[in-house]
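Note sheet for the following structure.
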Amino acid sequence: MGIRSDLHLHAWALVAAAKREWRVARRYPDVFIGAVAWPVVTPVVFVFQARASIGHGTPGRTGQTIPTDSVHLAVFLYLGWLVASWLALLLTESSASLSGQRVQGSLETTLLSPATRLTLLFGLAPVLLVTGALSYIAVLLALVMGFGAHIALSSALAGGLVILLAGPTLAAIAAAAGTTTLFMRRSGGLVDIARALSVTFCGFTAPLAIMPSWAAKIGRLLPPTWTVNALRNTMFGGPSKTDWTRLSLLLIGTFLAISALSLAAFAAGEQRGRRSGTLGGV
Amino acid sequence: MTEPGRTGVLDGHQGSSAPHRESMLAIEDVAKDYLRGRRTLVQRLRGAPDQRAVVHAVDEVSLAVDRGEVVGMLGPNGAGKSTLVKIIATLLVPTRGSVRVCDVDVLAHPRQARRHLGVMLAGDRGVYWKLTGRENLEYFAALHFVPSSQIRRRVGEALEEVRLTGSADEYVERYSTGMRQRLNLARALIHEPEVLLLDEPTSGLDPVSGAEFRRIVRGLRQRGAAVLIATHDLAEAEDLCDRIAVLDRGRIAFQGSVDEAKTLVPGSSVLTVEVEGGDQDTAEVAAWLSAHFRVGLVERHERSVRARLYCESTSDLMAELPGKLHAAGLRAIRTEAGRVSLTDVFFSITDRRAGGGHGHPQ
Ligand SMILES: Nc1ncnc2c1ncn2[C@@H]1O[C@H](COP(=O)(O)OP(=O)(O)OP(=O)(O)O)[C@@H](O)[C@H]1O
Ligand SMILES: [Mg+2]
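If you read the protein sequences in the order shown, they are chains A and B.
Going by full-length UniProt numbering, the first sequence opens with residue 1, and the numbers climb by one from there.
Going by full-length UniProt numbering, the second sequence opens with residue 1, and the numbers climb by one from there.
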């Protein structure tokens, strides 16, 4: 009867939803092309700009200050843009997927099913994880081949682990944004705000240390910040520079919390739509 | 039309009709009020009075569909058919009333109720255009808890049933409207539900596909499913349905067998006549016909008026018609004898309630 005894059925529904999104992404691989091109191309100008303007900055070989050495500067900025562009892609794709389903009417038919609404919230997650991995690999290649960075294999692998750990949490953030967009019946506004805030607070282009302390405080609470910090620490200082237990617990904890919140928000929105008759609207 | 042993009760909308047979779907005193208009955030914050109008889309409707029964829901545009379908389908919460599907309270346990329901919403929306027909069905089968070992077989069967096997691996965006609608039907059938709700299932289908659809529905009836069909195709309803319910402005205006429905028409036969009145205005001709005969649907053409005249014997009427017409300066240019159809029922129920312009003397 209850959701617990049907767990495997819900799990299969979730797999089917992931398969559906995967099939669409495979048919329109531009999302993967974007995931490779965007974080490789965008930072170039920022790297040169920063090189020109910093001159004698704080000497740094850690992730928490702006490095003056030009290779390190490139690594620093590229890792920031990696997380920034990944997050941007997650937010837009999730919202676009849900809003698209609503317009297409398939949201309504999906809601006719007894399966958990996680299918709608997390169907896209595997695709988004793959885009993150592709972005990461592309960035590593760009740094090694374009900027002559020396990246130890252990650091590269540890960075991959950060991506893997952060993926579900960022996907949950995207699901929350998508849910809000869906039920507020707006397509872009909220997502743009979320993207702007993340660039402001998460230290993608500048270390938290140079931000006003109130902004840094906010930044420290945000999972994308932890992600980018962990990546920089790992690249600059090696895998041992990261407290893996703490990072995993934090990320998994927020993943669960945000997922639960999104699910509750979705249920509330669905219930409101069931009252007003607006679930199927365009 | 009516199956033996079935005693469709002419209970109109006076409630508590849920019979003690095996009702797979039982709706009792269901009402849905919509708010029409807007209430802006500013108005809310100011606490300005709510000026939205209440629309009674569905009003105190009671209806039951038994095992192995096909019920047709008819009614003019905006009568509330789709609203009722969505209420049963758990997509809408009614303002009042109760809905039970296979003895599951839809309002209290929507998730459980959805397992028994197969729903086809109006139009050809609802499937994923960027996937193939087969991929769509595989996805929805999993969503509806078809065991993974059976999905392939079920999808194959469903595709075969709606004759889409040949286009199964085409992208849905390349389907025609009718193909998408058939895919939607397959989607509704994929988990072999006990209760089917079909909202205008044949609106985009060609005659052959329409016949295929009726074959499928008869198969469902044989299997013991309960089927509720909202449709504007009265011939189809007459052909397919064990019972009909006519909805008008949210209320059930009639509920019973097709034969019972036909007793509402003032006459057992119909003579369709096309009358020409020389210089006379067609409006006058129509009025004259309404005054002198029991008329149903009247259509004014450019120079003539076509009307359905009710009578007990078409031969008697045909005998007296030319004289009567001649006296009024009119001439019948075509006559055709026929039987009372659901179109006449539809007209007489909905028109009478609307207090409409073609009223027939009774
Ligand atoms: N979301 C909504 N908000 C407000 N009013 C609505 C909403 N949906 C439907 N209505 C109103 O409810 C009434 C019934 O609509 P419904 O779609 O159920 O009619 P219907 O019988 O299916 O008509 P049709 O034959 O045209 O499909 C109409 O007056 C319609 O305007
Ligand atoms: Mg409708």
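The beta carbon of each residue, even a glycine, is placed where N, CA and C say it ideally should be.
Bear in mind the structure is a predicted one, so any value in this text is a computation, not a measurement.
Q. Does ligand 2 have a heavy atom nearer than 7 angstroms to the CB of Asp233 (chain B)?
A. no
Q.
I'd like to confirm something about Arg125 (chain B): is its beta-carbon nearer than 7 angstroms to some heavy atom of ligand 1, or not?
A. no
Q | Thr350 (chain B) CB to nearest heavy atom of ligand 1 below 7 angstroms | A | no
(Q) Considering only their Cβ atoms, is the gap separating Leu25 (chain B) from Val65 (chain B) smaller than 8 angstroms? (A) yes
Q: Determine the chain B residues that contact Thr110 (chain A) at a beta-carbon separation under 7 angstroms, and present them in chain order.
A: Leu143
Q) chain D beta carbons: is any one of them nearer than 8 angstroms to that of Thr119 (chain A)? A) Of the chains in the structure shown, none is chain D; the protein chains are A and B.
Q: For the beta strand (DSSP E) containing Phe254 (chain B), list its first residue and its last residue.
A: 251-256
Q.
Buried or exposed for Phe236 (chain A), going by 16 or more other Cβ atoms inside 10 Å?
A. buried
Q. Should Gly278 (chain B) and Ser348 (chain B) be called a contact, given that it needs their Cβ atoms to be closer than 8 angstroms?
A. no
Q: Flag Gln49 (chain A) as yes if its beta-carbon sits less than 8 angstroms from any beta-carbon of chain B, otherwise no.
A: no
**Q.** Cβ neighbours of Leu205 (chain B) in the same chain (closer than 7 angstroms, five flanking residues each side left out)
**A.** Gly178, Gln181, Phe213
Q.
If you measure between the beta carbons of Arg67 (chain B) and Gly256 (chain B), is that distance less than 8 angstroms?
A. no
Q. Which residues, taken in chain order from the region 106-125 of chain B, show a beta carbon closer than 8 angstroms to some beta carbon of chain A?
A. Arg111, Gln112, Arg114, Arg115, Leu117, Val119, Leu121, Gly123, Arg125
Q) Any idea if Gly323 (chain B) is buried or exposed, counting beta-carbon neighbours within 10 angstroms, 16 or more meaning buried? A) exposed
Q) Exposed or buried, Phe183 (chain A), counting other C-beta atoms within 10 Å across all chains shown (16 or more means buried)? A) buried
Q | C-beta atoms of Val265 (chain B) and Ile244 (chain B) nearer than 8 angstroms | A | no
Q) Buried or exposed: Gln49 (chain A), going by 16 or more other Cβ atoms within 10 Å of its Cβ? A) exposed
Q.
Can you determine whether any heavy atom of ligand 2 sits closer than 7 angstroms to the C-beta of Lys32 (chain B), and answer yes or no?
A. no
Q | Where Ala257 (chain A) sits in the DSSP three-state scheme | A | helix
Q | Cβ of Val24 (chain A) within 8 angstroms of any chain B Cβ | A | yes
Q) What are the start and end residues of the beta strand (DSSP E) that includes His109 (chain B)? A) That residue, His109 (chain B), is in no beta strand (DSSP E); it is neither H nor E in DSSP.
Q: Report the three-state DSSP secondary structure of Asp248 (chain B) (helix, strand or coil).
A: strand
(Q) Please report the distance separating the alpha-carbon of Ile163 (chain A) from that of Ala172 (chain A). (A) 14 angstroms
Q: Select from B:Ser62, B:His301, B:Glu336, B:Ser167 the residue whose C-alpha is nearest the C-alpha of Lys32 (chain B).
A: B:Ser62
(Q) Suppose the cutoff is 8 angstroms on Cβ atoms and the five residues either side in sequence are ignored; what does the same chain contact list for Thr225 (chain A) look like? (A) Phe201, Cys202, Gly203, Leu208, Gly219
Q. Taking 8 angstroms as the CB-CB limit, is Glu135 (chain B) close to chain A?
A. yes
**Q.** Same chain, Cβ closer than 8 angstroms to Arg52 (chain B), five either side skipped, listed in chain order
**A.** Leu35, Arg36, Gly37, Arg38, Arg39
Q.
Closest to Ala125 (chain A) by C-alpha separation, out of A:Ala267, A:Ile193, A:Leu89, A:Ile210, would be which residue?
A. A:Leu89
Q. What is the rounded straight-line gap between the Cα of His292 (chain B) and the Cα of Gly338 (chain B)?
A. 20 angstroms
Q) When you compare only the Cα positions, how much space is there between Val75 (chain A) and Leu143 (chain A)? A) 7 angstroms
(Q) Three Cβ pairs or more, each shorter than 8 angstroms: is that satisfied between the region 104-115 of chain A and the region 9-20 of chain A? (A) yes
Q | First through last residue of the beta strand (DSSP E) which encompasses Met24 (chain B) | A | 23-36
(Q) Please classify Ala260 (chain A) as buried or exposed, where buried requires at least 16 other C-beta atoms within 10 Å of its C-beta. (A) exposed
Q) Nearest-angstrom Cα distance between Gly126 (chain B) and Ala17 (chain A)? A) 15 angstroms
Q: Let me know if Leu342 (chain B) comes out buried or exposed under the rule of 16 or more other beta-carbons within 10 Å of its beta-carbon.
A: buried
Q) Hey, would you say the C-beta of Asn229 (chain A) is under 7 angstroms away from at least one heavy atom of ligand 1? A) no
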